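Working notes for the structure below.
2 protein chains.
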Amino acid sequence: MTTPTFASLAEFRAIISNLTAPEESAANAARDRNNQLTKPPAALGRLEELAIWYAGWNGSARPEIVNPQIIIFAGNHGVTARGVSAFPSEVTVQMVANFKAGGAAINQLARTFGARIDVHAMDLERPTADFTQGPAMEEVEFVDALRTGWNAVDPATDLLVTGEMGIGNTTSASAIAAALFDGQPSDWIGRGTGVSDEALALKIRVVEGGLERNPDREPLAILQNLGGRELAAMVGAIARARAERIPVILDGFISTAAAATLACAQPGALDHCVAGHVSAEAAHGEMLARLGLNPLLDLGMRLGEGSGAALAIGVLKGAIACHSGMATFAEAGVSDS
Amino acid sequence: MTTPTFASLAEFRAIISNLTAPEESAANAARDRNNQLTKPPAALGRLEELAIWYAGWNGSARPEIVNPQIIIFAGNHGVTARGVSAFPSEVTVQMVANFKAGGAAINQLARTFGARIDVHAMDLERPTADFTQGPAMEEVEFVDALRTGWNAVDPATDLLVTGEMGIGNTTSASAIAAALFDGQPSDWIGRGTGVSDEALALKIRVVEGGLERNPDREPLAILQNLGGRELAAMVGAIARARAERIPVILDGFISTAAAATLACAQPGALDHCVAGHVSAEAAHGEMLARLGLNPLLDLGMRLGEGSGAALAIGVLKGAIACHSGMATFAEAGVSDS
Numbered sequence: 022m023t024t025p026t027f028a029s030l031a032e033f034r035a036i037i038s039n040l041t042a043p044e045e046s047a048a049n050a051a052r053d054r055n056n057q058l059t060k061p062p063a064a065l066g067r068l069e070e071l072a073i074w075y076a077g078w079n080g081s082a083r084p085e086i087v088n089p090q091i092i093i094f095a096g097n098h099g100v101t102a103r104g105v106s107a108f109p110s111e112v113t114v115q116m117v118a119n120f121k122a123g124g125a126a127i128n129q130l131a132r133t134f135g136a137r138i139d140v141h142a143m144d145l146e147r148p149t150a151d152f153t154q155g156p157a158m159e160e161v162e163f164v165d166a167l168r169t170g171w172n173a174v175d176p177a178t179d180l181l182v183t184g185e186m187g188i189g190n191t192t193s194a195s196a197i198a199a200a201l202f203d204g205q206p207s208d209w210i211g212r213g214t215g216v217s218d219e220a221l222a223l224k225i226r227v228v229e230g231g232l233e234r235n236p237d238r239e240p241l242a243i244l245q246n247l248g249g250r251e252l253a254a255m256v257g258a259i260a261r262a263r264a265e266r267i268p269v270i271l272d273g274f275i276s277t278a279a280a281a282t283l284a285c286a287q288p289g290a291l292d293h294c295v296a297g298h299v300s301a302e303a304a305h306g307e308m309l310a311r312l313g314l315n316p317l318l319d320l321g322m323r324l325g326e327g328s329g330a331a332l333a334i335g336v337l338k339g340a341i342a343c344h345s346g347m348a349t350f351a352e353a354g355v356s357d358s
Numbered sequence: 022m023t024t025p026t027f028a029s030l031a032e033f034r035a036i037i038s039n040l041t042a043p044e045e046s047a048a049n050a051a052r053d054r055n056n057q058l059t060k061p062p063a064a065l066g067r068l069e070e071l072a073i074w075y076a077g078w079n080g081s082a083r084p085e086i087v088n089p090q091i092i093i094f095a096g097n098h099g100v101t102a103r104g105v106s107a108f109p110s111e112v113t114v115q116m117v118a119n120f121k122a123g124g125a126a127i128n129q130l131a132r133t134f135g136a137r138i139d140v141h142a143m144d145l146e147r148p149t150a151d152f153t154q155g156p157a158m159e160e161v162e163f164v165d166a167l168r169t170g171w172n173a174v175d176p177a178t179d180l181l182v183t184g185e186m187g188i189g190n191t192t193s194a195s196a197i198a199a200a201l202f203d204g205q206p207s208d209w210i211g212r213g214t215g216v217s218d219e220a221l222a223l224k225i226r227v228v229e230g231g232l233e234r235n236p237d238r239e240p241l242a243i244l245q246n247l248g249g250r251e252l253a254a255m256v257g258a259i260a261r262a263r264a265e266r267i268p269v270i271l272d273g274f275i276s277t278a279a280a281a282t283l284a285c286a287q288p289g290a291l292d293h294c295v296a297g298h299v300s301a302e303a304a305h306g307e308m309l310a311r312l313g314l315n316p317l318l319d320l321g322m323r324l325g326e327g328s329g330a331a332l333a334i335g336v337l338k339g340a341i342a343c344h345s346g347m348a349t350f351a352e353a354g355v356s357d358s
């Protein structure tokens with residue numbers, strides 16, 4: 022099969038309207054195998070569900086995870102001009118250098134769990150527009166960013182983590198959540214990274230301004246108007262993973278906000294995704310609940326970079342190792358009742 | 022330093038009354054290092070606390086985990102004669118063979134996270150006494166079991182997981198919890214492994230009978246009278262790890278019940294331990310709360326074998342990798358405000 026690509030937003034919409042499905046025969050064979058393993062029924066809890074889910078998307082009843090890929094997309098946000106972040110925008114490019122030099126948290130987690138990292142710095146010298154003044158991106162920029170994400174996925178990978186870096190992007194993620202879901206903007210706004218009480222109030226006003234200035238509530242329009250290049254690229258990558266039937270671990274608040282636009286645009290579009298963790302960002306848990314995603318980890322992390330999802334690679338590797346490596350009752354000569 | 026051993030229960034009590042402390046200088050240096058790493062303050066959440074805790078016990082401000090040890094102790098329980106388990110006692114010896122052949126869940130998790138496994142089958146052909154009829158163990162057997170655990174720990178390991186296998190041992194663990202803590206026996210009794218409604222009611226009566234027949238509420242007496250060899254061995258191993266300043270990851274309900282006797286016998290005796298997970302066994306969360314332990318994982322597991330703790334090795338390895346491998350703001354040239 023040749024994976025299609027897209028030259029326009031209409032073509033991207035056409036791709037995502039035609040979702041792949043997991044291989045039911047592989048999932049069923051994995052379910053049968055799970056019932057024969059040397060453990061009481063359901064004793065591995067969520068690890069069993071994870072293994073069966075992974076088997077379906079991987080297309081193998083007894084899969085292995087050998088080639089996970091972490092992709093970090095970095096973008097700068099015009100809305101930082103409103104003073105919503107405690108860190109200057111220069112930190113985005115500095116952190117990209119840190120990722121490339123191997124000095125960030127995500128590099129250590131990737132090494133620990135045997136994942137490769139690819140970093141895409143997306144026009145950092147040219148931030149997206151301030152969404153309180155108009156759409157963050159023009160359609161052509163938005164499609165470029167989606168396509169960067171789409172093309173960044175290695176079709177040979179067997180597990181994808183999408184991460185991000187972008188000073189100001191919690192504000193963008195909060196605006197997206199407020200536009201997608203009901204409630205007040207303040208319900209979807211947390212402190213982000215090192216934000217004071219005053220800055221929190223400012224963040225609420227900025228999000229309210231962005232929502233007012235960008236009234237279109239179609240999910241991909243929300244992503245274009247209130248998002249950023251790195252958020253759009255994550256959506257492109259998640260869509261590509263779906264086309265290739267590659268399971269995805271979602272990261273935190275920003276990663277989930279991006280993914281939420283895809284889920285709202287096309288119900289079921291995140292069936293190949295699991296939530297790696299629930300972050301310390303106040304509204305992340307609620308956003309996951311709206312999407313029907315149950316996080317694997319809850320460790321108070323709020324770093325981004327794909328770090329929570331990368332830590333969850335360990336959980337998924339453990340689940341698959343048990344599923345594919347354990348002896349059956351018959352093989353081990355263990356009584357099953 | 023020569024680590025002392027013990028020939029009697031009195032000598033074991035003397036050892037645990039003289040607890041080692043973490044190296045404050047290493048923990049303080051780790052805390053300083055943590056504050057300089059290229060991330061916003063506290064953005065790695067619990068991973069940061071874990072790294073500082075581990076650094077203190079490991080005695081290094083920038084530690085590595087290179088040699089984790091998983092020890093599985095297996096024992097048989099006379100109380101199974103009361104019909105409290107859905108599985109026959111023969112499964113204990115069958116599963117020991119499975120551990121040795123590499124076919125159990127714990128083997129796959131150990132391989133995934135680079136841990137060695139040692140298995141100690143403890144007089145499986147000679148179950149402990151039925152605690153509804155008298156003490157499960159005589160003092161000499163109990164001390165032998167504590168010493169088996171003590172001697173099983175490799176002093177060169179840098180992380181210990183204690184696991185167990187023993188048909189009937191959830192009943193033993195429930196009896197221990199009910200004896201140590203307040204409330205009704207039924208508050209501490211779950212379904213164990215594949216137990217029906219009737220069997221649950223039976224389990225409650227059996228625990229009540231055991232508590233009545235063994236009225237001594239001194240914590241180590243509770244372990245001797247209501248425990249089993251594998252539970253006592255876990256306590257011996259946890260005590261040895263403390264003497265050697267080796268951090269420990271506790272597993273589920275049974276592992277925690279054993280550890281609870283040590284904590285009640287000597288306050289602070291679990292300061293070198295972290296709870297790997299909260300299991301699906303109903304009372305485990307409450308037991309952890311009584312001990313002030315906050316579990317790392319909550320994945321509905323209920324297998325024993327040390328499996329939940331082994332999965333948490335991945336979390337701890339991730340925490341230590343970030344702590345010890347990340348660049349500082351100065352090293353990476355990243356603005357820290």
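Top line first, the protein sequences correspond to chains A and B.
The working numbering applies: residue 22 is where the first sequence begins, and numbers increase by one.
The working numbering applies: residue 22 is where the second sequence begins, and numbers increase by one.
We treat Cβ as the ideally placed atom computed from N, Cα and C, and that holds for glycine.
Computed from a predicted structure; not experimentally measured.
Backbone CA spacing between Asn97 (chain B) and Gly339 (chain A) [nearest angstrom]: Cα-Cα distance, rounded: 28 Å.
Where Pro113 (chain B) falls, given that 16 or more other Cβ within 10 Å makes a residue buried: It should be noted that the sequence gives Thr, not Pro, for residue 113 (chain B). Answer is buried; the Cβ neighbour count reaches 16.
Simplified DSSP state of Met186 (chain B), which is helix, strand or coil: The answer is strand: DSSP assigns Met186 (chain B) an E or B state.
Residue-chain proximity (Gln115 (chain B), chain A), Cβ-Cβ < 8 Å: yes
Contact list for Arg323 (chain A) against chain B, beta-carbon separation under 9 Å: Result: Pro61, Ala63, Ala64, Leu65 and Gly66.
Given Ala254 (chain A) as reference, the closest of A:Met158, A:Pro89, A:Ser81 and A:Gly354 once Cα atoms are compared: For the options A:Met158, A:Pro89, A:Ser81 and A:Gly354, the alpha carbon positioned closest to that of Ala254 (chain A) is the one of A:Met158.
Cβ-based contacts, 7 Å cut-off: residues of the region 330 to 346 of chain B near chain A: Leu332, Gly335, Val336, Lys338, Gly339, Ala342, Cys343 and Gly346
Per-residue DSSP class, three states only, for Phe94 (chain B): strand
Straight-line Cα distance separating Trp78 (chain B) from Glu44 (chain B): 6 Å
Contacts of Ala132 (chain A) in chain B (Cβ-Cβ under 8 Å): Note on residue identity: the sequence assigns Arg, not Ala, to residue 132 (chain A). Ordered by position in chain B, the residues that pass the 8 Å Cβ test against Arg132 (chain A) are Ala342 and Gly346.
Straight-line gap, Pro288 (chain A) to Ala264 (chain A) (C-alpha atoms, nearest Å): If you take the alpha carbons of Pro288 (chain A) and Ala264 (chain A), they lie about 15 Å apart.
Gly321 (chain B) versus Ala64 (chain A): straight-line alpha-carbon distance, rounded: 8 Å
Closer than 8 Å to chain B by CB, Phe274 (chain A): no
Minimum length 4: unbroken alpha helix (DSSP H) runs contained in the region 46 to 125 of chain B: 67 to 79 and 111 to 122
Proximal chain A residues relative to Ala416 (chain B), where beta-carbon distance stays under 8 Å: The question about residue 416 (chain B) has no answer here: the residues shown for chain B are numbered 22 through 358.
Contact set between the region 136 to 154 of chain B and chain A, restricted to residues whose Cβ is under 9 Å from the partner: none
Pairwise C-alpha distance: Gly325 (chain A) and Ala107 (chain A): 16 Å
Among A:Gly184, A:Ala301, A:Pro109 and A:Phe163, nearest to Val100 (chain A) - alpha-carbon criterion: A:Pro109
Delimiting residues of the alpha helix (DSSP H) encompassing His305 (chain A): Residue range His305 to Arg311 is occupied by the alpha helix (DSSP H) that includes His305 (chain A).
Beta-carbon gap between Leu252 (chain A) and Asn190 (chain A) smaller than 8 Å: yes
Partner residues on chain A for Val355 (chain B), Cβ-Cβ distance less than 7 Å: Val112, Gln115, Met116 and Asn119
Unbroken alpha helix (DSSP H) run spanning Arg34 (chain A), endpoints: In the DSSP assignment, Arg34 (chain A) falls within the alpha helix (DSSP H) that extends over Leu30 to Ile37.
Reference Asp165 (chain A), options A:Met186, A:Ala50, A:Val256 and A:Glu352, closest by Cα: A:Val256
Proximity below 8 Å, CB of Ala296 (chain B) to CB of Ile37 (chain B): no
Cβ pair Ala7 (chain A), Val182 (chain A) closer than 8 Å: Residue coverage of chain A in this structure runs from 22 to 358, which leaves residue 7 (chain A) outside it and unanswerable.
Cα-Cα separation, Ser375 (chain A) to Val161 (chain A): Nothing can be reported for residue 375 (chain A), as the shown portion of chain A is limited to 22 through 358.
Cβ pair count under 8 Å reaching 3, the region 55 to 64 of chain B against the region 311 to 319 of chain A: no
Whole-angstrom distance between Gly335 (chain A) and Arg238 (chain B), CA atom to CA atom: Roughly 41 Å separates the two Cα atoms.
Exposure label - Asn39 (chain A); buried when at least 16 CB within 10 Å: By the neighbour-count rule (16 or more Cβ atoms within 10 Å), Asn39 (chain A) is not buried but exposed.
Cβ contact (3+ pairs, closer than 8 Å) linking the region 222 to 242 of chain A and the region 197 to 214 of chain A: yes
Any C-beta of chain A under 8 Å from that of Glu352 (chain B): yes
Chain B within 8 Å of Gly124 (chain A), Cβ atoms only: yes
Candidates A:Gly230, A:Arg103 and A:Ile127, of which the one nearest Ile92 (chain A) by Cα: A:Ile127
Proximal chain A residues relative to Leu283 (chain B), where beta-carbon distance stays under 8 Å: Here the premise fails: no neighbours, minimum Cβ distance about 26 Å.
Min CB distance Pro268 (chain B) to chain A below 8 Å: For Pro268 (chain B), the answer is no, since every Cβ of chain A falls outside 8 Å of its Cβ.
Neighbour list for Ala301 (chain B) in chain A, Cβ cutoff strictly below 7 Å: Gly66
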